[in-house]
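What follows is one structure encoded as structure tokens, with my remarks underneath.
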Amino acid sequence: MDPATASPLSSWHFSGTLRTYQAEVLDRLAPGGDDPLHIVAPPGSGKTLLGLLLAAREGHRALVLSPTVTIRQQWLRTATELATDEAAVSDDPERLGDLTVLTYQLLSVTADGSPFDDLARAVWTDELVASGRTEADAATWLAELAVDNPARHRSGIRSRARRLRSRFTRQRPSELARVLHPNAVALIDRLVGAGVRTVVLDECHHLLDHWAIVVAYLAARIRESGTEPKLIGLTATLPSPDDETEFENYSHLLGDVDYEVPTPAVVKEGHLAPYRDHVLFTEPTPAEASFIRRHESLLHDLIRQVLSTPDALCYLEEHLQPSDMPGSTETTTETETPLSRLDLAFSTDFALTRSCALVLREVAPHHPLVAAIPPALLDRCTTDDLLTVLSRFAQTRLLADPAAVRQWEYVRRSLADFGYALTDRGIRRGRNPIETTLAFSAAKDHAAVEILHRELAGPDGDRIRAVVVTDFVEHGNNRGLAGDAPAGALRTFDLLAVDPVTARLRPALLTSQHLRVRADDADDIAAALGDLLGEPVGIAEGVGPVRDLQVRAAGSGRVVGAVSELIRRGDVRLLVGTRGLLGEGWDCPSVNTLVDLTTVATSSGTQQLRGRTLRLDPAWPEKVAHNWSVVCLIPSNVGLDDGSESGRLRRRHSHLWGLSAEGDGRIVSGLGHALPPPAIEAWERVLDKDPSTSIGDLDAVLRERWPSRSTTRAEWRIGDAYRPQERETIALRRTSRAPLLRAGQTASAGAVAGFVGGTAAVGALVAVLAISGASLAPVLAVAVALGGGAVAATASALRTLVRSLRDRARPAEIYRAAAIAVARTLSEAGRIGRIDESVITARPDGSDPTRIRVELGGSAADARTIAEAVEELFAPVRTPRFLLRIDAAGLPRVRAIERLADRLSPGRTLLAVPRLIARRRGDAERFRDHWQALVGTCSLHELNGVQGLALLRVARSADSRMDTAEPRARVWG
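Take 36 as the starting number for the sequence shown in the working numbering and just add one per residue.
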């Protein structure tokens, strides 16, 4: 076949019915074009069929690269069903077909060292040749340097490797070929020569370093042949952007995501099991708590000791009382008051100034400045506040002063003992012993036991098939409190094996080196495994409650498959293992309960773990999966703050979609699908060290709201029609202390204005009558004028009051109008495209009428921009350029009447104009005009000079209108 003239794959045909999202992908993404296609879809969503249909449309020979042999076989089976000629499909690199399926490993680079090190060594050689050496001399010099000064050699290799990593996808093919095995280069040349133009990359999140070089070289060779390659990337999870270089290289190969199939869509269509995420909060064991308290005392004593010195107090005073007033030439006494200088400090750097104020109150509570700080800006002084101020003080006063070098070194070495590195760039977290203690707390093992107790006590207890996943077999913890046994799968299994309830699940431990069961179950499980493996399985001698089974290659695919079959049959109902073995690639549809004890928080790791429970189970058509996270928190009565566990929980759930924990059937991302608002509020109180709420209270809130699996399945409404749309949501709170509109204020001011205007008008009419000859007694004339004023005052007050009360009675419409004002301004400013205002909605929350939800549809990027601006508008005021005063809505736009309203009802309702709008004065004025047209009277204030700072102080003292439980989320469907 001539690859230049043939049109392979054009006759391939799928005779079945495509799923909704598969059809939408094929319809939305047109064939042809030079740009890659990048599709994200969960396991079980039919990515294999979709990838083949996308490749067939391109009309060229295609290559599929998969990460494992098992996945390669799946591609071969599906391709054979589509092909009219089975010979067109091949997995033999020596016999290329119209569609060839290979593993990445077959094209992989050499196994010796890093490919970037090899490439860096070649680049270094070229640099030496360019400087005048011969190539042989350059190679000899580098070899001698590696022996004589290995540290310098490693440093040179690393620096060049870093540069290469950041741009390797842009390298010339000849440069990339230098680090590939000759066999790989030869195979790629054959593929290009055979006419391969389309390359399907399955599980493309693996395209980092080694495999990415192969794909980059293949794509470059296709370009050299005179045509642009068509790369089709398919993955269930994007790689983590934490490594910016790797993520940039990945993005350069495949570009932005063209289509994402959300997991809920696959569940709705019945191709994945419905699921719910749960969280169990626990607290450290007594020994761990004692260690944490001791750590807290020592760390806080150290920081207070340093920040209580005269030099540190002087630094705090100077930061809180700056001497310069930018933008103001006023020299009155008012500009020299402590309060005005404090306003200036907050305006210059709000976050640092607030931390300095909190620390000053902590180390010198009777200092005169403490009384001048607005109480609304001060809450609890946290560990982060202390570290922030210590870092800035050390940089400003100690590092900059040669005479303070000994104090700098003392602070630096002391902080290192607590896992913090003090450098000239600030304080950086190292291997924090508290974070390690919490992450691998023995309390999490007990939490796993408690979770399984609850699951077994439920109505579906006899169907439970659970997996408990840890990071390691044994964690080599050398920071923090290690405990009697190292954390990991072995410690967790030992506890589950001796608990009388979980022992009924016949638990098994499976790692790359261990296959362990309870001593009481050893004979039965060994016999069952032997039958499945076709070879005898021995039982190691031992004492105690557990036994190791003797089997060749415990972590091999055959053994993992056999254990999975035991789970399906119910011979084993609880498996403990590591994420390395039970993460991506492990498939056991019978598993319906995941207890995640890992520290994974990345998008790829989190979704891969959750995917283990979502496969449909033929033995349980009504299967519902439960996925549990375990979080260890420092109790409220311990003053030390550590946000590592809470931050991990937030990051983990920010990547996931799930049923709203409020029971309303919404599908949301973020913590809202794992924690209902009362639980989030209780959690925040624990983090804020509120003594009224314990971790036990938090767990009790969650237990009260734990729905059954049947309830979860009903809420998913599987099979019902759905809208495959994603929307941004902002949750706002109505609060009497911070109303958008002040009914009493505006009504009173309107009444006075009406009385004055009415009296004047009637008085003028009486005067005209008197001039015309009408005879009126003076007392009667005055009475008539005053009566007219009273009538006008009553009418004006009623009109203003009715409007204000009407607006306050329908707050959702007011907040929607505010969001539309933001959207219109952003659109007119060119920040977003044209917006369809019908996709902006607002409604009171069904379970809590004080909460208003604003939803934003349309383009995902535009909706996100609008949501960020609306959130900034209603969040606590920090350092805006403009403030919008809105409390006078309903009043005539007369300055005197506004001042009168202030006299009658002191207070301001001031909102920060979002930064995207405030960058240009014209945009800010346009926003003011839209607000006046949609909501009511307002005035725009630019914050200049002393008066601006004073107004900013008033704005900062107001309550936030954002819902503290979950201010932002995404909604699907």
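Glycine residues also receive a C-beta, built at the ideal position from the N, C-alpha and C atoms.
Nothing here was measured: the structure is a model prediction, and the numbers come from that model.
Nearest to residue i by CA position, among the options, is which residue?
i                 : options                        : result
aspartate 699     : Thr746, Asp922, Ala411         : Thr746
cysteine 349      : Val424, Ala308, Pro410, Trp718 : Val424
proline 711       : Leu737, Ala756, Trp159         : Leu737
threonine 388     : Glu352, Ile901, Thr876         : Glu352
leucine 422       : Ser449, Ala439, Pro403         : Ser449
phenylalanine 528 : Ala65, Thr505, Ser547          : Thr505
asparagine 979    : Leu531, Leu540, Leu908, Thr914 : Thr914
lysine 265        : Thr233, Gly191, His241         : Thr233
alanine 255       : Leu288, Arg888, Thr728, Ala186 : Leu288
aspartate 120     : Asp127, Gln109, Arg376, Gly132 : Gly132
serine 426        : Arg551, Arg463, Pro357         : Arg463
glutamine 140     : Ile257, Ala347, Ala58, Pro102  : Pro102
histidine 510     : Val341, Thr472, Trp751         : Thr472
histidine 402     : Ala898, Leu355, Tyr294         : Leu355
arginine 593      : Arg130, Glu570, Leu531, His965 : Glu570
arginine 604      : Cys623, Arg193, Leu616         : Cys623
aspartate 69      : Ala407, Ile106, Thr262         : Thr262
Start and end of the beta strand (DSSP E) containing residue i?
i              : result
glutamine 585  : 581-585
histidine 330  : Per DSSP, histidine 330 belongs to no beta strand (DSSP E); it is in the alpha helix (DSSP H), 321-342.
isoleucine 462 : 461-464
leucine 609    : 609-613
isoleucine 267 : 265-270
arginine 878   : 875-879
glutamate 761  : 761-768
arginine 629   : The sequence shown places leucine at residue 629, rather than the arginine named in the question. 628-631 is the span of the beta strand (DSSP E), which, as asked, contains leucine 629.
asparagine 662 : 660-667
histidine 688  : Histidine 688 -> not in any beta strand (DSSP E); alpha helix (DSSP H) instead, spanning 679-689.
glutamate 456  : What sits at residue 456 in the sequence shown is alanine, not glutamate. 455-458 is the extent of the beta strand (DSSP E) around alanine 456.
Leaving out the 5 sequence neighbours to the left and right, which residues in its chain are closer than 8 Å to residue i when beta-carbon positions are compared?
i             : result
glutamate 318 : Ala324, Ala478, Cys667, Leu668, Ile669, Pro670, Ile730
valine 635    : Asp506, Arg614, Thr641, Leu644, Arg687
Can you list, in chain order, the residues of its chain whose CB lies under 6 Å from that of residue i, leaving out five sequence neighbours each side?
i             : result
threonine 40  : Annotation note: pLDDT 42 at threonine 40 (below 50); position unreliable, coordinate value reported separately. None.
valine 158    : Arg195
glycine 496   : none
histidine 241 : Pro102
threonine 367 : Low confidence applies here, because threonine 367 scores a pLDDT of 47, under 50, leaving its location unreliable and the question unanswered by this model.
alanine 439   : Leu433
alanine 931   : For alanine 931, the predicted structure reports a pLDDT of 49, less than 50, and the residue's modelled location is therefore unreliable. A value from the coordinates is still provided. Closer than 6 Å at Cβ, skipping near neighbours: no residue.
glycine 67    : none
To the nearest whole angstrom, what separates the beta carbons of residue i and residue j, a pair I think is in contact under 8 Å?
i             : j            : result
proline 21    : arginine 769 : For residue 21 there is no data in the structure shown, the boundaries of the chain being 36 and 1008.
leucine 601   : valine 502   : With 8 Å as the limit, leucine 601 and valine 502 do not qualify as a contact, their Cβ atoms being about 13 Å apart.
arginine 608  : arginine 687 : Contact flag wrong, Cβ pair sits at about 26 Å.
histidine 708 : leucine 694  : 6 Å
serine 639    : proline 274  : 6 Å
So residue i is in the alpha helix (DSSP H); what residue range does that whole segment cover?
i              : result
cysteine 349   : 345-355
valine 60      : 55-63
arginine 748   : 744-751
leucine 601    : 592-604
alanine 898    : 895-909
isoleucine 730 : 730-739
alanine 173    : 170-183
threonine 388  : 385-398
glycine 640    : 638-645
CB-CB under 7 Å to residue i, same chain, minus the five flanking residues each way: which ones, in chain order?
i             : result
arginine 961  : Thr860, Glu863
threonine 885 : Arg768, Arg769
aspartate 725 : Ser671
For chain B, check one thing: does any of its Cβ atoms lie closer than 8 Å to the Cβ of residue i?
i          : result
serine 704 : Given the protein chain composition of this structure (a single chain), no chain B is represented.
> Would you call the stretch 83-101 and the stretch 263-274 in contact, with 3 or more CB pairs under 8 Å?
Replying inline: yes
> When the Cβ atoms of the stretch 995-1002 are set against those of the stretch 386-400, are three or more pairs found closer than 8 Å?
Replying inline: no
> Should the stretch 951-971 be called in touch with the stretch 1001-1008, which here means at least 3 C-beta pairs below 8 Å?
Replying inline: no
> When the Cβ atoms of the stretch 538-548 are set against those of the stretch 638-651, are three or more pairs found closer than 8 Å?
Replying inline: No: the two stretches stay apart, fewer than three of their Cβ pairs being nearer than 8 Å.
> Do the stretch 579-588 and the stretch 554-567 make contact, defined as three or more Cβ pairs closer than 8 Å?
Replying inline: Contact holds: three or more Cβ-Cβ distances are below 8 Å.
> Are the stretch 846-855 and the stretch 881-896 touching by the rule of at least three beta carbon pairs closer than 8 Å?
Replying inline: yes
> For the 8 Å Cβ check, are there 3 or more pairs between the stretch 88-100 and the stretch 220-234?
Replying inline: Touching, yes.
> Can we say the stretch 902-914 touches the stretch 759-767, given the rule of at least three CB pairs closer than 8 Å?
Replying inline: yes
>> Is it the case that the stretch 872-884 contacts the stretch 965-978, given that we only count it when at least three CB pairs across the two stretches are under 8 Å?
In response: no
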